[in-house]
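When we follow our numbering, the leftmost residue of the sequence shown carries the number 23, and every step to the right adds one. C-beta atoms are modelled at their ideal positions from N, C-alpha and C, and glycine is treated no differently. Remember, it's a predicted structure, so these values are computed and weren't measured experimentally.
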Amino acid sequence: MRKADIFLVPGFFGFANVGGITYFHHVRECLERHLNQEGIQANIHAVATLPTSSIERRAAKLLEAVQANDSGGELHIVGHSTGGVDARLLVSPADLPGVDLDARESTLERVKSVVSVCSPHRGTPMANFFDSVSGHHLLYLMSLTTIYTMQFGKLPLGALIALGGILTKLDDVVGFDNTIIDQIYDGLLDDFDAEKQAKIRGFLKLILDDRTLISDLRPENMAAFNDRVLNRFETRYGCVIMAAPKPGLSSLRHVGWHPYALATHALYTAMYTLASRGFDDVRLPEDHDYAMEAAYGTRPTPRFTDGVVPTLSHPWGEVIYVGQGDHLDVCGHFDAVEHHPPHIDWLKSSSEFTRVEFEDLWTRVAAFIADSGRAGTGFA
Numbered sequence: 023m024r025k026a027d028i029f030l031v032p033g034f035f036g037f038a039n040v041g042g043i044t045y046f047h048h049v050r051e052c053l054e055r056h057l058n059q060e061g062i063q064a065n066i067h068a069v070a071t072l073p074t075s076s077i078e079r080r081a082a083k084l085l086e087a088v089q090a091n092d093s094g095g096e097l098h099i100v101g102h103s104t105g106g107v108d109a110r111l112l113v114s115p116a117d118l119p120g121v122d123l124d125a126r127e128s129t130l131e132r133v134k135s136v137v138s139v140c141s142p143h144r145g146t147p148m149a150n151f152f153d154s155v156s157g158h159h160l161l162y163l164m165s166l167t168t169i170y171t172m173q174f175g176k177l178p179l180g181a182l183i184a185l186g187g188i189l190t191k192l193d194d195v196v197g198f199d200n201t202i203i204d205q206i207y208d209g210l211l212d213d214f215d216a217e218k219q220a221k222i223r224g225f226l227k228l229i230l231d232d233r234t235l236i237s238d239l240r241p242e243n244m245a246a247f248n249d250r251v252l253n254r255f256e257t258r259y260g261c262v263i264m265a266a267p268k269p270g271l272s273s274l275r276h277v278g279w280h281p282y283a284l285a286t287h288a289l290y291t292a293m294y295t296l297a298s299r300g301f302d303d304v305r306l307p308e309d310h311d312y313a314m315e316a317a318y319g320t321r322p323t324p325r326f327t328d329g330v331v332p333t334l335s336h337p338w339g340e341v342i343y344v345g346q347g348d349h350l351d352v353c354g355h356f357d358a359v360e361h362h363p364p365h366i367d368w369l370k371s372s373s374e375f376t377r378v379e380f381e382d383l384w385t386r387v388a389a390f391i392a393d394s395g396r397a398g399t400g401f402a
């Protein structure tokens with residue numbers, strides 16, 4: 023069997039491992055199994071990146087992880103959300119401040135593929151919101167809610183309603199009293215034991231220390247990024263494109279009338295609204311448009327999103343998969359309690375994304391990785 027090192031890179035809502043809570047557990051299990059079926063013995067590494075540091079710092083951290091775990095064979099990088107942008111910068115010919123060029127090149131010449139999953143290649147309007155004083159506090163809290171849900175299965179209803187209430191006051195949030203956010207934060211953190219609290223605080227402190235990434239992901243800044251960060255000729259690029267349901271009466275009926283379902287759907291509605299505001303249409307290669315039209319019956323408008331990133335921001339390189347689902351579904355965060363360990367959905371978008379779609383998506387990613395390792399050069 024071929025041997026390969028696969029690196030899973032989280033975005034700014036994600037993490038590798040915090041106090042034994044793992045973000046990519048379901049992805050790792052599924053991808054490893056399908057790569058094995060493709061004849062690849064994969065060493066899969068979840069990268070402990072810097073959650074909201076600049077793309078440059080995150081890319082440098084990714085390089086450290088690759089070099090520390092490189093077994094000498096072929097290399098592949100799979101980035102969820104901003105992780106896909108990090109991978110592009112790392113592998114590109116563009117300068118990476120503070121990184122030795124020769125050492126970087128000797129490693130990266132063996133990177134066979136870069137797969138981006140729901141990545142903001144053209145930015146996201148959510149960055150405009152989070153790049154404010156209140157937005158910074160809320161980003162901090164939402165990172166904790168992700169960790170909390172993965173540990174306990176769901177948020178306390180009161181905390182969820184309060185969080186949704188904050189996000190629905192979008193136009194007033196600049197003047198919002200951040201003590202309410204702090205109260206929710208303290209209440210959630212108290213449910214963890216002392217050891218996990220310390221590790222979670224350490225992770226969240228990284229967000230307080232450096233939030234440069236938020237500005238980097240503004241659409242206008244990503245346009246400048248794309249002008250200078252070119253594809254590497256020897257590396258094959260692929261992408262996963264998703265669109266989540268537009269919130270409305272239909273989505274409400276689908277999630278049901280249970281108070282918890284309604285509260286988490288209200289949170290999703292607010293996030294979808296943020297992600298669909300102020301994103302301009304973009305010109306894409308014809309194969310991207312064709313793939314999306316085939317999947318959705320129409321070319322997505324700028325208001326199509328996965329709940330965090332506009333759908334038109336996702337395409338980069340070859341299209342591996344186009345589907346209907348939200349930003350967290352693709353990482354296994356949907357409802358499938360019968361699976362062991364269970365899949366838990368804390369952002370109820372009414373997407374109908376199930377284990378069937380999850381298996382299909384990661385089967386295609388595994389096939390893309392396998393083909394990239396077998397193929398020659400010149401994919402850019």
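{"Query": "Going by C-alpha distance, which of Ile-99, Asn-39 and Thr-291 is nearest Arg-132?", "Result": "Ile-99"}
{"Query": "The beta strand (DSSP E) spanning Cys-261 covers which residue range?", "Result": "258-265"}
{"Query": "Where does Thr-71 sit, in a helix, a strand or coil, going by DSSP?", "Result": "coil"}
{"Query": "Could you give the distance in angstroms between the alpha-carbon of Val-196 and the alpha-carbon of Pro-269?", "Result": "Here Val-196 scores only 47 on pLDDT, less than 50, and its place in the model is too uncertain to base an answer on."}
{"Query": "If we ignore side chains and look at the alpha-carbon of each, how far apart do Val-40 and Lys-221 end up?", "Result": "6 Å"}
{"Query": "So for Glu-242, helix, strand or coil by DSSP?", "Result": "helix"}
{"Query": "Using the three-state DSSP reduction, which class does His-98 fall into: helix, strand or coil?", "Result": "strand"}
{"Query": "Tell me Asn-39's beta-bridge partners as DSSP assigns them.", "Result": "Thr-44"}
{"Query": "Tell me the rounded alpha-carbon separation between Ser-138 and Pro-178.", "Result": "33 Å"}
{"Query": "Span of the beta strand (DSSP E) holding Glu-340?", "Result": "340-346"}
{"Query": "By the 10 Å Cβ neighbour count, where 16 or more other Cβ atoms means buried, how is Ala-26 classified, buried or exposed?", "Result": "buried"}
{"Query": "Please state whether DSSP places Ala-149 in a helix, a strand or coil.", "Result": "helix"}
{"Query": "Determine, using beta-carbon pairs with one atom in the stretch 359-378 and one in the stretch 337-344, whether at least three such pairs fall under 8 Å.", "Result": "no"}
{"Query": "Assuming Lys-176 contacts Trp-368 (C-beta within less than 8 Å), just tell me the rounded distance between them.", "Result": "7 Å"}
{"Query": "So is Val-136 in contact with chain B if we call contact Cβ pairs under 8 Å?", "Result": "Here there is only one protein chain, and chain B is not present."}
{"Query": "Decide if Ala-68 is buried, meaning its Cβ has at least 16 other Cβ atoms within 10 Å, or exposed.", "Result": "buried"}
{"Query": "Phe-198 to His-158, Cα distance in whole Å?", "Result": "Because the pLDDT of Phe-198 is 49, which lies under 50, any placement of that residue in the model is unreliable, and the number read from its coordinates should be weighed accordingly. For Phe-198 and His-158, the distance between alpha carbons rounds to 12 Å."}
{"Query": "How close, in whole Å, do the beta carbons of Phe-37 and Thr-74 come, if the pair is a contact with beta carbons under 8 Å?", "Result": "About 11 Å; that fails the 8 Å criterion."}
{"Query": "Determine which residues share a DSSP beta bridge with Thr-295 and list them.", "Result": "Partner(s): none; Thr-295 has no beta bridge."}
{"Query": "Starting from Leu-309, follow the alpha helix (DSSP H) in both directions and report where the run begins and ends.", "Result": "For clarity, residue 309 is Asp in the given sequence; the question names Leu instead. That run of the alpha helix (DSSP H) goes 308-318."}
{"Query": "Under the three-state reduction of DSSP, which class applies to Asn-65: helix, strand or coil?", "Result": "strand"}
{"Query": "Could you compute how far the alpha carbon of Ile-62 sits from the alpha carbon of Met-23?", "Result": "5 Å"}
{"Query": "Please state if the CB of Arg-80 and the CB of Asp-108 are separated by a distance shorter than 8 Å.", "Result": "yes"}
{"Query": "Do Pro-332 and Thr-104 have their CB atoms nearer than 8 Å?", "Result": "no"}
{"Query": "Enumerate in chain order the residues of its own chain whose CB-to-CB distance from Ser-372 is below 6 Å, with the five nearest sequence positions on each side excluded.", "Result": "Pro-267, Ser-273, His-276 and Val-277"}
{"Query": "Check whether the stretch 292-301 and the stretch 314-334 touch, using three or more Cβ-Cβ pairs below 8 Å as the test.", "Result": "yes"}
{"Query": "For the structure I just gave you, are there three or more beta carbon pairs, one from the stretch 378-397 and one from the stretch 50-65, closer than 8 Å?", "Result": "yes"}
{"Query": "Please list, in chain order, all residues of the same chain as Trp-338 whose beta carbon is under 8 Å from its beta carbon, the five residues on each side excluded.", "Result": "Gly-106, Arg-110, Ser-138, Ser-141, His-143, Tyr-259 and Cys-261"}
{"Query": "Distance check for Glu-51 and Ala-285, CA to CA, integer angstroms please.", "Result": "31 Å"}
{"Query": "Is Leu-177 helix, strand or coil by DSSP?", "Result": "coil"}
{"Query": "Here's the rule: buried if 16 or more other CB atoms are within 10 angstroms of the residue's CB, otherwise exposed. What is Leu-185?", "Result": "buried"}
{"Query": "Helix, strand or coil: how does DSSP classify Pro-332 here?", "Result": "strand"}
{"Query": "Would you tell me roughly how many angstroms separate the C-alpha atoms of Ala-90 and Ile-28, rounded to the nearest one?", "Result": "13 Å"}
{"Query": "Do Pro-115 and Arg-240 count as a contact pair if the criterion is CB distance below 8 Å?", "Result": "no"}
{"Query": "Between which two residues does the beta strand (DSSP E) carrying Leu-274 extend?", "Result": "Premise fails: Leu-274 lies in the alpha helix (DSSP H), 271-277, not in any beta strand (DSSP E)."}
{"Query": "When you compare the CB positions of Met-148 and Ala-297, do they come within less than 8 Å of one another, or not?", "Result": "yes"}
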